Amino acid sequence: MLNLLTALLSSRHPMATAEILAHVAGYSDDASIPARQKRLDRDKVALRRLGVPLQFVPEDEYGRSGYRVARERFFLDEIRFSMEEGIVLAALQRGLGEGDALSDDLRSALMKIAVDSPLSEALRESVSEQQVLDPRQSPARKEEGRRLAVMAEAVAALRPVRFSYYALGTGEERIRTVEPWGMGYADGHWYLVGRDVDRQEERVFRTDRVRGKVELLPPGGYRVPRTFRLFARVGRKPWEMKEGAGRMVRIRFVPEVAWMIAENLREGQTFAADPDGSGVLTLRATDPRALVGWVAQFGPDAEILSPPSLRSLLVAHLEALVGRYGG
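The sequence shown begins at 0 in numbering that gives the first Met the number 0 and counts up by one.
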């Protein structure tokens, strides 16, 4: 079929059946003409099913009839970028040096764009320069890339997976069997969402905490729930993970960090700035302990104002840290 497609694309005129049977490799062997004709008919159907615009021309301007591929419908239009878009591509290429698990694929795509599309010379050189100078992926990132490929296949084929997972809360590695529903990228990490078979409940797994290989299991006959929405799960903060109404929490931040909080508000959050540069963040938390862990990272720069029960939980959390590391 590839030989046939190449011949039709390179021919300047429609190719008659006799011409194809006589000159195109794969149809010009010693088999009988009916056998080769049957082979050609089968491949024409297959090419059309693949989306190739294969046409039969009854008669062209020179009186010739035969098959052709409509080149204007077969090839993609040239991709053109504005100067601003080119700058974004160059910046993206530079950022890939941080070693994302998919950076090899992204680098390859950007190099093709740099070669095939009319970027300015300076931008084209910038992309090429980053391709050469950026550090290569670490072995750990390449291994994560392989795990992502297996997980993506599992999501597409509705096949369970089994892997060892490091739980940040307990510090333990445990084998998990998961029926994957979807994968998403948020805040610099890939996540797998699905049903944990052993726990009989929905769970979200950060893929860089998977250890070793991901085992692709035989199809399990499960279905993704109709109500499932990937980005209602991926990208949520730890204190938003539990179901339920939750409670409203008010947190005061000192001026040195308040501006960062104000510039990175999420949906449903509000920030009230004070004249001295400090401010109060208001948000809803369904998992109070997870929120306490986040607030504690700011040390003396953050203070829970309400509710009192959450403020007491933060105090207990900090006292436990002092007791463990105070010496």
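Quick reminder that beta carbons are idealized off the backbone N, C-alpha and C, glycines included. Small disclaimer: the values here were computed from a predicted structure and weren't measured.
Counted as a single uninterrupted DSSP element, the alpha helix (DSSP H) harbouring ALA34 occupies residues 32-48. Under the DSSP assignment, PHE73 falls in the alpha helix (DSSP H) whose first and last residues are 70-73. Every unbroken stretch of the beta strand (DSSP E) spanning 3 or more residues and falling wholly within the region 181-217 is given here in chain order: 188-195, 200-205, 209-215.
Per the coordinates, the alpha-carbon of ILE86 lies some 40 Å from the alpha-carbon of SER10. The three-state reading of DSSP puts TYR324 in helix, counting H, G and I together.
Rounded to whole angstroms, the separation of the alpha carbons of PHE55 and LEU20 is 16 Å. For ILE260, the uninterrupted alpha helix (DSSP H) segment begins and ends at 254-262. The beta-bridge partner set that DSSP reports for GLY65 consists of VAL56. The C-beta separation of ILE250 from VAL279 comes to about 7 Å, placing the pair in contact by the 8 Å criterion. In this structure, the beta-carbon distance from LEU215 to ALA153 falls below 9 Å. Taking each of THR5, MET0, PRO33 in turn and checking the Cα distance to GLY25, the smallest one comes out for MET0. Secondary structure at GLY144: helix, using DSSP grouped into helix, strand and coil.
Cα atoms of LEU312 and GLY292: separation of roughly 10 Å, rounded to the nearest angstrom. Straight-line spacing of the CA atoms in ALA284 and PHE252 works out to 17 Å. Annotation for GLY292: the continuous alpha helix (DSSP H) segment containing it runs 287-295. DSSP places ILE19 in the uninterrupted alpha helix (DSSP H) bounded by 16-22. Following the DSSP letters along the chain, one finds ALA244 in no beta strand (DSSP E), marked with neither H nor E. Excluding the 5 residues flanking it on each side, TRP180 has same chain C-beta neighbours closer than 6 Å at VAL192, GLY193, VAL223, PHE227, in chain order. In this structure, the straight-line span from the alpha carbon of GLU71 to that of ASP286 is close to 57 Å. LEU3: not part of any beta strand (DSSP E); member of the alpha helix (DSSP H) spanning 1-9, first to last residue. Secondary structure note for ALA271: its beta strand (DSSP E) is the uninterrupted segment 269-272.
For ARG283, the enclosing beta strand (DSSP E) covers residues 278-284. Between LEU290 and LEU309, the CB-CB gap stays under 9 Å.
DSSP places SER81 in no beta strand (DSSP E); its state is neither H nor E. By the CB criterion at 9 Å, GLU143 and ASP207 fall inside the cutoff.
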